[in-house]
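Listed in order, the protein sequences are those of chains A and B. The C-terminal position of the first sequence is numbered 147 in our numbering, with every residue numbered one higher than the one before it. The C-terminal position of the second sequence is numbered 510 in our numbering, with every residue numbered one higher than the one before it. Cβ coordinates follow ideal geometry from the N, Cα and C atoms, glycine included.
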Amino acid sequence: MTIDRLSGAVLVLLGLFVVWERRVLPLGNHSQPGPGYFPLLLAILLIILGTLLVLRGGLSSSFRSLSWSEAPHAIAILGCSVFATLFMERIGYRISFLIIMGFLFGVMERLRLWQALTLTLGFSFGTFYLFDTLLRVPLPRGGWGF
Amino acid sequence: MEATVQNLILGFSTAFAPGNIFYALIGCLIGTMVGVLPGVGPLAGISMLLPTTFGLDATSAIILLAGIYYGAMYGGSTTSILMRIPGEAASVITCIDGYAMSQKGRAGPALAIAAIGSYIAGTLSVVGLMFLAPPLAKFALGFGPPEYFSLLLCGLIVLSYMTGGSIVKNFTMIVLGLLFGMVGIDQMSGYFRFSYGLVALGDGIGIVPVAVGLFGISEILATAGQSKKREVIKPHLRDLLPSRQELKDSLKPIGRGTLLGFLIGIIPGSAHIISTFVSYAMERKLSKHPERFGKGAIEGVAGPESANNAASTGALVPMLALGVPTGPIPAVLLAALMVHGINPGPLFIKEQPVVFWGLIASMYVGNMVLLLLNLPMVGLFVNFLRVPYRILYPTILMFCIVGVYAVNSSVVDVGIMSVMGVIGYLLRKCDFEIAPIVLGVVLAPIIEFSFRQALAMSNGAYLIFIQRPISAVFLGVALVMIFLGIKPLIWKKKDWRERLSEAEKST
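Encoded structure:
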């Protein structure tokens, strides 16, 4: 399977998904288009373009030729980002980033203990002070007010 | 003319307020750092730092953010010349002759010419912006929904043609961006669309989480784990002076680069990148000794560096005059203005003269600041490259999360940013351009609103789009672009876009 064919197929599926999801939105008519009119037009366009990619994508590189050497780091970074989404408001900005930065500096990058500690504490508390205290951009404090 | 001078005086009185000078200086400093550091482009930089402007008034905020934008254009050249590492995409072409000059021991003059060229281009293109934006805004006051729809459609098609790479893929990315822009409450009927019960999605998908996810997070997902050590060359101040011959050789390329960059900047697309390639090709063609190019020709630095700075100012013309961004960076600047309660559009210049003319005047000041700042402090900026990437990427991640969260105090936005990061990472892997998505998201509500209003005006007749002359002209241009885009697919010949992406990959 080539990259273009695979991505084209995914886009066709996405277009079909939008067409399916749109069914709850009124289409209206040509003189009074409803909220589902424009999304349907876009979904049809996406299906056509995706099909074009599938049809013309025979000559692009194979999907297997892609290198995924950065994947372990990418998964860790993504995990941290998801962690922030789920927990930052519950446990507060400072504790969240103590965990995230500690994990990235200490576990993923294996910095020396004192380096990891200094950077983790410095960034977590420093950025909180910069944004929340100095720039008055409110950051979450969590249940313990921390 | 008299009105322009009076407005400019008003602008300078705003720009010279101590607070605004300070923000222009800070913006230029941060922008230069953003430009120097690979992996933090101007788009991610502006998006991440947007929340820091919330406490400021609109004028100071836009002065700071615009400073980051053109500061990044300056900063990008430093690493290209000294290390053959383009700090951001518009500096790719500078690597060729800039680095060759460094190897010959002429890094100083290359840096100086890049800074002087950027200064001249930046300043002259602000003059262009000053004279072009107000009449364009006046002209656009006559636009109705059909004209706006055709203008935006034309802009998106021109963008997909000018972005380079596969035109089918670029179209697909625009449609994807427009679909993302459909999420949220429909402006005309009040229906919730594709929000799956999440109240936070009622306002739609914000530009900041999309931009930071696609450009910031996807970049660190793709590059984390690399452990390359960089050799950092530090030029001395005394070595910076170019010779008389080098100055003479650079003068015409700077002039041509400025004009070319400004004009290309107005056109939608990755103007600041394209302008550098066009300028380089033009200089090589016009040169009496084209064989010197690639081996350290100063014209190969002067032209492209002037062009990318002029293009970044040119891109502000349609944004400020029409409220229509031509690329992802003006789109984020537009969003920043909207956060501060200002709606850019044809009435912007008339209703917000202090912001518009303050920005214009601050750009004159900012360009001067950058010239004075960049050359003496080049050694300091280069030091940022000594920071190992394993320390840099967690820091970038942290600023991405804080920047996105702070816009609406919403963790849903952080979640959207993460999803966009993954989408951007996968799309990059599959050789898709991600910039059109950002523009699609920004323009989706306006384009849909104009489309539906136009159809309501004409009682459902699509002919309205070709019966109105201005609208017909825009659609005509769009058709020509579609034809030019599909021409190489039919005749199976390489066009300039394919050659451009090949050149980008080989550099």
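Self-check item: Y122 of chain B: first and last residue of the uninterrupted alpha helix (DSSP H) it sits in
Solution: A110 to A143 is the extent of the alpha helix (DSSP H) around Y122 of chain B.
Quiz item: Would you say I48 of chain A faces chain B, with C-beta separation under 7 Å as the test?
Solution: no
Quiz item: Comparing the C-beta of S50 of chain B with each C-beta of chain A, is any distance below 7 Å?
Solution: no
Quiz item: Going straight from the alpha carbon of R95 of chain A to that of F402 of chain B, what length do you get?
Solution: Straight-line Cα distance between these residues: approximately 13 Å.
Self-check item: Residue ranges of each alpha helix (DSSP H) within the region 309-343 of chain B, 4 or longer
Solution: 319-325 and 331-342
Practice problem: Could you tell me which residues DSSP pairs with S63 of chain A in its beta bridges? | Solution: A:T3
Exercise. Report all residues from its chain with a CB closer than 6 Å to the CB of G348 of chain B; omit the five preceding and five following residues, and keep chain order.
Key: G326
Quiz prompt | C-beta atoms of L122 of chain A and F106 of chain A nearer than 7 Å | solution = No, the pair does not count as a contact, with Cβ atoms beyond the cut-off.
Exercise. With DSSP as the reference, please indicate the residues paired to R196 of chain B in a beta bridge.
Key: B:G187
Exercise. Assign Y396 of chain B to one of two classes, buried (16 or more other C-beta atoms within 10 Å of its C-beta) or exposed (fewer than that).
Key: Buried, since its Cβ has 16 or more Cβ neighbours within 10 Å.
Practice problem: Could you work out which residue in B:I96, B:C157, B:I257 and B:A324 is closest to N346 of chain B when comparing CA atoms only? | Solution: B:A324
Quiz prompt | Cβ-based neighbour list, E5 of chain B, same chain, cut-off 8 Å, excluding 5 preceding and 5 following | solution = Non-local beta-carbon contacts of E5 of chain B in its own chain, meaning distances under 8 Å to residues more than five positions away in sequence, are absent.
Exercise. May I ask you to list, following chain order, the residues of the region 422-434 of chain B that have a beta carbon less than 9 Å from some beta carbon of chain A?
Key: G424, V425, Y428, L429, L430, K432, C433 and D434
Exercise. Using a cut-off of 7 Å between C-beta atoms, extract the partners of R137 of chain A located in chain B.
Key: G58
Exercise. May I have the straight-line CA-CA distance separating G330 of chain B from S290 of chain B, to the nearest angstrom?
Key: Each residue's Cα considered, the two are about 32 Å apart.
Quiz item: With respect to the alpha helix (DSSP H) encompassing M371 of chain B, which residues constitute its N-terminal and C-terminal limits?
Solution: P356 to N377
Practice problem: For V417 of chain B, return the contacting residues in chain A, with the cut-off set at a CB-CB distance below 8 Å. | Solution: S82, A85, T86 and M89
Self-check item: DSSP-derived helix/strand/coil call for L147 of chain B
Solution: Before going on, a small fix: residue 147 of chain B reads as Gly here, not Leu. DSSP places G147 of chain B in coil when its eight states are reduced to three.
Quiz prompt | Test: S192 of chain B CB closer than 7 Å to a CB of chain A | solution = yes
Quiz item: How would you label G303 of chain B, buried or exposed, when you count the other beta carbons within 10 angstroms and need 16 or more for buried?
Solution: For G303 of chain B, the number of other beta carbons within 10 angstroms of its own is at least 16, and it is reported as buried.
Quiz prompt | Coil, strand or helix - P439 of chain B by DSSP | solution = In the three-state reduction of the DSSP assignment, P439 of chain B falls in the helix class, which pools H, G and I.
Quiz item: Going by DSSP, which residues form a beta bridge with P40 of chain A?
Solution: Partner(s): none; P40 of chain A has no beta bridge.
Quiz item: In whole angstroms, what separates the C-alpha of L154 of chain B from that of F477 of chain B?
Solution: 6 Å
Practice problem: Could you name the residues of the same chain whose beta carbon sits closer than 6 Å to that of D100 of chain B, not counting the 5 residues immediately before and after it, in chain order? | Solution: Contacts found: G299, A300, G303 and V304.
Practice problem: Reducing DSSP to helix, strand and coil, say where G149 of chain A ends up. | Solution: This structure cannot settle anything about residue 149 of chain A, because the visible part of chain A is limited to 2 through 147.
Quiz item: Can you tell me the Cα-Cα spacing of T97 of chain B and L487 of chain B, whole angstroms?
Solution: 28 Å
Exercise. Measure the C-alpha to C-alpha separation of L458 of chain B and L41 of chain A and round it to an integer number of angstroms.
Key: 16 Å
Quiz item: Would you report the Cα separation of I269 of chain B and V417 of chain B, rounded to the nearest angstrom?
Solution: Cα-Cα distance, rounded: 33 Å.
Quiz item: In or out: E354 of chain B buried (at least 16 other Cβ within 10 Å) or exposed?
Solution: exposed
Exercise. At 7 Å on the CB atoms, spell out the chain B contacts of S32 of chain A, in chain order.
Key: L458, A459, N462 and G463
Quiz item: Y199 of chain B to V186 of chain B, Cα distance in whole Å?
Solution: 10 Å
Self-check item: Cross-chain neighbours of L143 of chain A in chain B, by beta carbon under 8 Å
Solution: Going by the sequence as given, residue 143 of chain A is Gly instead of Leu. Ordered by position in chain B, no residue passes the 8 Å Cβ test against G143 of chain A, which lies about 12 Å from the chain.
Quiz item: Per DSSP, what kind of secondary structure is P34 of chain A in: helix, strand or coil?
Solution: strand
Practice problem: Could you pull out every residue in the same chain whose Cβ sits closer than 6 Å to the Cβ of S80 of chain B, ignoring the five residues on either side in sequence? | Solution: Contacts found: S94, T97, A117 and E308.
Exercise. Determine which residues of the region 3-31 of chain A have a Cβ less than 7 Å from any Cβ of chain B, and write them out in chain order.
Key: If you check each beta-carbon in the region 3-31 of chain A against every beta-carbon of chain B, the ones closer than 7 Å belong to I4, S8, L12, V19, E22, L26, N30 and H31.
Quiz item: Hey, how far is the Cα of L156 of chain B from the Cα of E110 of chain A?
Solution: 46 Å
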